[in-house]
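Novice:
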Amino acid sequence: GDARVVGLKASFLAWAGRCAEGLGVIEHAMRLDPNYGGWIAWAKGHALLFLGRLNEAIAELKSGIVRQPEFMPLHLHLAVALSRLGQMDEALKALKSAVDASPTVRPEELIDVPYKNPADLELVSSALRAIMARAGSAA
Numbered sequence: 088g089d090a091r092v093v094g095l096k097a098s099f100l101a102w103a104g105r106c107a108e109g110l111g112v113i114e115h116a117m118r119l120d121p122n123y124g125g126w127i128a129w130a131k132g133h134a135l136l137f138l139g140r141l142n143e144a145i146a147e148l149k150s151g152i153v154r155q156p157e158f159m160p161l162h163l164h165l166a167v168a169l170s171r172l173g174q175m176d177e178a179l180k181a182l183k184s185a186v187d188a189s190p191t192v193r194p195e196e197l198i199d200v201p202y203k204n205p206a207d208l209e210l211v212s213s214a215l216r217a218i219m220a221r222a223g224s225a226a
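In the working numbering, the protein residues as written are 88 to 226.
(1) Please report how far the alpha carbon of residue 190 lies from the alpha carbon of residue 182, in whole angstroms.
(2) Just to confirm my understanding: we take residue 123, look at its own chain, exclude 5 residues before and 5 after, and list those with CB closer than 8 Å. What are they?
(3) Measuring only the C-alpha atoms, how far is residue 185 from residue 179?
(4) What's the C-alpha gap between residue 135 and residue 105?
(5) Return yes when the Cβ of residue 171 is within less than 8 Å of the Cβ of residue 128, no when it is not.
(6) Buried or exposed for residue 203, going by 16 or more other Cβ atoms inside 10 Å?
(7) Which same chain residues end up closer than 6 Å to residue 138 when comparing Cβ atoms and leaving out the 5 residues on each side of it in sequence?
(8) Taking C-alpha atoms, which residue in 175, 110, 103, 119 lies nearest to residue 147?
(9) Applying the 10 Å Cβ sphere with the 16-neighbour rule, what's the burial state of residue 201?
(10) Just the C-alpha distance for residue 151 and residue 145, rounded to the nearest angstrom, thanks.
(11) For residue 176, does the three-state DSSP call read helix, strand or coil?
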């Protein structure tokens, strides 16, 4: 199969709350195309984030940023993972990078994604609220 199609399947599995399955699929996509783009690294980092494997998620998302720095979801989910570890200053920097990568999008619009599991959406939205509160207190 095509690595992009396999990667897309992995993204849908993560949004559906099936991250462990999605992780296996995305690793298959990475083997199909060792020169995969940043969005495939995002799909892996995204799945790792929701599996609670935060340090691995951070490493994968940073790897994706090197591959495709303009891909906003990499920065966004890096901010979420960093905030979950209490690294709020770094999370704020990552959120600012997400906004810089998509300047026409407001931070609160960044969470408009089709998560099936309300807890997954809450994980992202609560992390972003905490980061934005930190930004407000730092201003």
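We treat Cβ as the ideally placed atom computed from N, Cα and C, and that holds for glycine.
Specialist: Let's see:
(1) The sequence position of residue 190 within the sequence shown is 103, counting from 1. The sequence position of residue 182 within the sequence shown is 95, counting from 1. Their backbone Cα atoms lie some 12 Å apart in a straight line.
(2) Here residue 123 refers to the residue found at position 36 when the sequence shown is read from its first residue. Once the five neighbours on either side are set aside, the close Cβ partners of residue 123 are 90, 94, 116, 117, 154.
(3) Here residue 185 refers to the residue found at position 98 of the sequence shown. Here residue 179 refers to the residue found at position 92 of the sequence shown. Going by the C-alpha atoms only, they are around 10 Å apart.
(4) Residue 135 sits at position 48 when you count from the first residue of the sequence shown. Residue 105 sits at position 18 when you count from the first residue of the sequence shown. Near 11 Å, if we compare the C-alpha coordinates of residue 105 and residue 135.
(5) Your numbering for residue 128 matches position 41 in the sequence shown. Your numbering for residue 171 matches position 84 in the sequence shown. Cβ distance not < 8 Å, so residue 128 and residue 171 don't count as in contact.
(6) Looking up residue 203 in the sequence shown gives position 116. So residue 203 ends up on the exposed side.
(7) Numbered from its first residue, the sequence shown carries residue 138 at position 51. Cβ neighbours of residue 138 beyond the five flanking positions: 106.
(8) Within the sequence shown, numbered from 1, the residue matching residue 147 stands at position 60. The shortest CA-to-CA distance from residue 147 to any of 175, 110, 103, 119 is the one to 110.
(9) As a position in the sequence shown, residue 201 is number 114, starting the count at 1. Exposed.
(10) On the sequence shown, position 64 is the one that residue 151 refers to. On the sequence shown, position 58 is the one that residue 145 refers to. Taking the straight line from one Cα to the other gives about 10 Å.
(11) The sequence position of residue 176 within the sequence shown is 89, counting from 1. Helix.
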